[in-house]
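In the UniProt record's numbering, the protein residues as written are 1 to 484.
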Amino acid sequence: MTNKKNLTTSWGAPVGDNQNSITAGQRGPVLIQDVHLLEKLAHFNRERVPERVVHAKGAGAFGTFEVTNDLSQYTKAKLFNGVGKKTDLFIRFSTVAGELGSADTVRDPRGFAVKFYTEEGNYDIVGNNTPVFFIRDAIKFPDFIHTQKRDPRTHLKNPTAVWDFWSHSPESLHQVTILMSDRGIPATLRHTHGFGSHTFKWVNDEGKGVWVKYHFKTEQGIKNLDVNLAAKLAGENPDYHTEDLFNAIEKGDFPAWKLYVQIMPLEDADTYRFDPFDVTKVWSQKDYPLIELGRMELNRNPENYFAEVEQATFSPGTFVPGIEASPDKMLQGRLFAYGDAHRYRVGANHNHLPVNRPKVEANNYQRDGFMRADDNGKGSVYYEPNSFGGPVESTENKVAPFEVTGQAAQVGHNSDDHYTQAGDLYRLLSAEEKTRLVETIVGAMKPVELEEIKLRQIGHFYKADPEYGTRVAEGLGLAVPQEA
Ligand code: HEM
1 MTNKKNLTTS WGAPVGDNQN SITAGQRGPV LIQDVHLLEK LAHFNRERVP ERVVHAKGAG
61 AFGTFEVTND LSQYTKAKLF NGVGKKTDLF IRFSTVAGEL GSADTVRDPR GFAVKFYTEE
121 GNYDIVGNNT PVFFIRDAIK FPDFIHTQKR DPRTHLKNPT AVWDFWSHSP ESLHQVTILM
181 SDRGIPATLR HTHGFGSHTF KWVNDEGKGV WVKYHFKTEQ GIKNLDVNLA AKLAGENPDY
241 HTEDLFNAIE KGDFPAWKLY VQIMPLEDAD TYRFDPFDVT KVWSQKDYPL IELGRMELNR
301 NPENYFAEVE QATFSPGTFV PGIEASPDKM LQGRLFAYGD AHRYRVGANH NHLPVNRPKV
361 EANNYQRDGF MRADDNGKGS VYYEPNSFGG PVESTENKVA PFEVTGQAAQ VGHNSDDHYT
421 QAGDLYRLLS AEEKTRLVET IVGAMKPVEL EEIKLRQIGH FYKADPEYGT RVAEGLGLAV
481 PQEA
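Structural data, given as structure tokens:
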């Protein structure tokens with residue numbers, strides 16, 4: 001090849017020899033004055049950033065969102081206004097518990113994080129492929145995740161810890177039932193739905209709000225993996241899902257999802273039959289039917305995994321005008337957790353990296369910090385208020401005022417019904433699906449060390465549906481509870 005570029009050091013100087021270190025004589029030792037060698041080794045030592053504390057293993061892709069149904073009567077967010085409006089996006093799918101190099105075909109929820117590069121700044125939906133979650137207060141999250149990760153003594157996964165936590169946290173039952181069902185191991189990342197899971201608030205240009213939930217429905221259809229095949233693939237090709245997504249996009253077989261929303265009038269939240277901000281529950285689609293909003297297509301692979309997938313930072317608090325938080329206690333905790341994780345994992349200036357940078361100019365008074373790689377605002381005014389024409393707030397973009405009531409206190413949710421929706425889901429399954437669900441649960445609970453944990457958990461299954469609890473108890477060779 002002609003016109004090869006000179007190899008240079010990071011400071012741009014041409015490198016004379018990239019194969020032989022400078023040595024004293026042919027045998028050595030090596031001289032410390034070989035600064036190219038020193039820099040090469042030192043930079044290599046710093047190639048890793050901390051992996052995500054959860055959702056470490058992931059695959060990403062770029063794509064486009066197109067509005068197919070105008071919902072501007074509910075939200076002023078421009079990305080959702082005007083049929084035909086197109087917005088570029090980046091998505092990252094992930095497993096939750098495993099490390100960066102762990103196998104794709106494990107039983108785990110799949111992260112479904114979408115960054116829309118809208119004309120009003122970035123908007124992130126950081127959801128999962130399940131509509132609910134295991135817990136409903138952020139204060140329980142670190143304990144929950146500890147049980148999903150490795151035991152500090154053995155460095156092994158610990159089923160006793162997993163079921164101990166779940167059996168003591170019956171609000172997890174709905175999500176546990178989904179996770180242990182066929183949907184716990186999707187066939188590919190293309191064959192699974194995505195959900196915002198939490199309730200969010202939409203506000204229109206008159207300042208009127210509604211509660212909203214997001215549903216991404218796969219156009220590829222739902223397909224799940226047989227457990228034996230999944231186990232085989234985990235050994236033979238731990239990157240099976242990553243490879244499938246990359247290859248599909250590379251050959252032009254672009255995966256797509258329809259985006260729907262459920263919309264609830266604000267006032268219904270006070271009278272609905274359960275707390276609509278409880279992320280362990282779904283809203284009935286009979287009460288709040290799915291309304292089409294648009295279509296997401298993935299059509300471009302990242303050029304560089306580290307730059308674009310590993311350094312991508314998503315936060316459920318990355319809002320644009322017209323989309324706001326709800327009082328969901330889990331969501332409220334997440335509004336802090338993600339930005340904090342990004343500042344630790346990628347740095348205070350993570351939003352300057354190309355994959356995270358908004359497509360619109362970001363104008364603010366943030367300055368300096370590690371790895372500030374742009375012009376750092378040059379000589380422009382660096383404080384506010386000022387007399388020098390710096391960027392100013394736009395009062396029409398204030399958060400919509402909302403009422404808060406009640407006494408500040410450390411109180412739980414107002415419902416202990418962890419059983420109705422989990423039971424409804426169980427009853428909805430076919431006979432074969434029920435059998436596979438029970439077999440999976442029995443297999444997962446067998447290694448649990450304490451019988452009291454198994455009995456406590458069986459009690460929860462029984463309360464969801466006596467048949468559910470009975471079959472798990474029988475599978476484990478334990479006594480069937482006498483009453484729900
Ligand atoms: C990633 C915290 C609940 C979906 C993360 C990360 C943290 C975190 C710290 C790593 C972020 C990073 O390093 O970039 C929490 C806390 C939760 C919670 C404290 C509860 C209070 C949830 C829920 C969902 C979810 C309910 C889904 C509905 C995700 C996804 C990612 C993630 C998809 C990966 C984002 C990416 O691809 O970069 N979470 N999480 N999390 N979380 Fe959560």
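Heads up, the beta-carbon is just placed ideally off N, CA and C, and yes, glycines get one too. Treat the numbers as computed from the prediction; the structure is a model and nothing was measured.
Three-state secondary structure (DSSP) of residue i
| i | result |
| --- | --- |
| residue 488 | The structure shown has nothing for residue 488, since the chain only spans 1 to 484. |
| GLY121 | strand |
| TYR74 | coil |
| SER94 | strand |
| LEU7 | coil |
| PRO14 | strand |
| GLU324 | strand |
| GLY221 | coil |
| ASN304 | coil |
| ASP417 | coil |
| residue 486 | Given a span of 1 to 484 for the chain in the structure shown, any question on residue 486 remains unanswerable. |
| GLU467 | helix |
| THR177 | helix |
| LYS359 | coil |
| residue 493 | Absent from the structure is residue 493, since the part of the chain shown begins at 1 and ends at 484. |
| LEU353 | coil |
| ALA473 | helix |
| ARG295 | strand |
| THR30 | The displayed chain sequence assigns Val, not Thr, to residue 30. Strand at VAL30. |
| VAL309 | helix |
| ASP182 | helix |
| GLU66 | strand |
Spatial distance of residue i from residue j (CA atoms)
| i | j | result |
| --- | --- | --- |
| LEU290 | GLY412 | 30 Å |
| GLU384 | TYR344 | 27 Å |
| HIS146 | ILE222 | 30 Å |
| LYS201 | GLU324 | 5 Å |
| ASN6 | GLN19 | 15 Å |
| VAL227 | GLN175 | 19 Å |
| PRO142 | VAL53 | 10 Å |
| residue 495 | LEU173 | This structure cannot settle anything about residue 495, because the visible part of the chain is limited to 1 through 484. |
| LYS378 | THR420 | 59 Å |
| ASN69 | GLN220 | 21 Å |
| ASP318 | ASP368 | Checking the sequence shown, residue 318 turns out to be Thr, not Asp. Cα to Cα, THR318 sits roughly 21 Å from ASP368. |
| THR435 | ASP424 | 16 Å |
| GLY121 | PRO316 | 14 Å |
| PRO265 | VAL210 | 5 Å |
| GLN33 | GLU119 | 51 Å |
| ILE458 | PHE80 | 45 Å |
| ALA400 | PRO327 | 14 Å |
Of the residues the options, the one placed nearest residue i, counting alpha carbons only
| i | options | result |
| --- | --- | --- |
| GLU99 | GLU120, SER181, GLU51 and ILE145 | GLU51 |
| GLY101 | VAL279, PRO238, PHE246 and GLN262 | PRO238 |
| ILE185 | SER94, GLU206, ILE263 and PHE216 | SER94 |
| ALA409 | GLN366, LYS329 and LEU429 | LYS329 |
| SER169 | ALA362, ARG357, ALA479 and ARG456 | ARG456 |
| SER21 | LYS378, GLU39, VAL320 and VAL480 | GLU39 |
| ASN351 | GLN332, ASP374 and GLY469 | ASP374 |
| GLN148 | GLU243, THR8 and ALA444 | ALA444 |
| ASN129 | VAL114, ILE139 and GLU119 | VAL114 |
| THR218 | SER380, PRO255 and VAL162 | PRO255 |
| SER197 | GLN311, PRO466, ILE458 and LEU331 | LEU331 |
| LEU229 | ALA248, ASP182, ASP268 and ILE263 | ASP182 |
| LEU225 | LYS208, LEU189 and TRP283 | LEU189 |
| SER394 | ASP151, VAL320, VAL438 and GLU467 | VAL320 |
| ALA464 | GLN482, GLU449 and ARG427 | ARG427 |
| LEU353 | LYS398, ALA307 and GLY207 | ALA307 |
| LYS286 | ASP151, GLN262, GLU66 and THR280 | GLN262 |
| THR23 | ARG273, LEU31 and VAL381 | LEU31 |
| ALA231 | ALA103, VAL132 and TYR288 | ALA103 |
Chain D within 8 Å of residue i, Cβ atoms only
| i | result |
| --- | --- |
| PHE141 | Protein chains in the displayed structure number just one, and chain D is not present. |
Span of the alpha helix (DSSP H), counted from its first residue to its last, around residue i
| i | result |
| --- | --- |
| ASP244 | 240–250 |
| HIS215 | Not the alpha helix (DSSP H): HIS215 falls in the beta strand (DSSP E), residues 209–218. |
| TYR462 | 451–464 |
| PHE165 | 159–168 |
| ASN228 | 227–236 |
| TYR344 | 329–345 |
| VAL438 | 431–445 |
| PHE42 | Checking the sequence, you will find Ala at residue 42 rather than Phe. Looking at the DSSP string, the run of the alpha helix (DSSP H) that includes ALA42 is 35–45. |
| PRO142 | 141–148 |
Enclosing beta strand (DSSP E) for residue i [first to last residue]
| i | result |
| --- | --- |
| LYS201 | 200–203 |
Mind listing, in chain order, the continuous alpha helix (DSSP H) runs of no fewer than 4 residues lying wholly within the region 368–398?
Within the region 368–398, complete alpha helix (DSSP H) segments of at least 4 residues are not found at all.
Can you give, in chain order, each stretch of the alpha helix (DSSP H) that sits fully within the region 257–292 and has at least 4 residues?
You should have 268–271.
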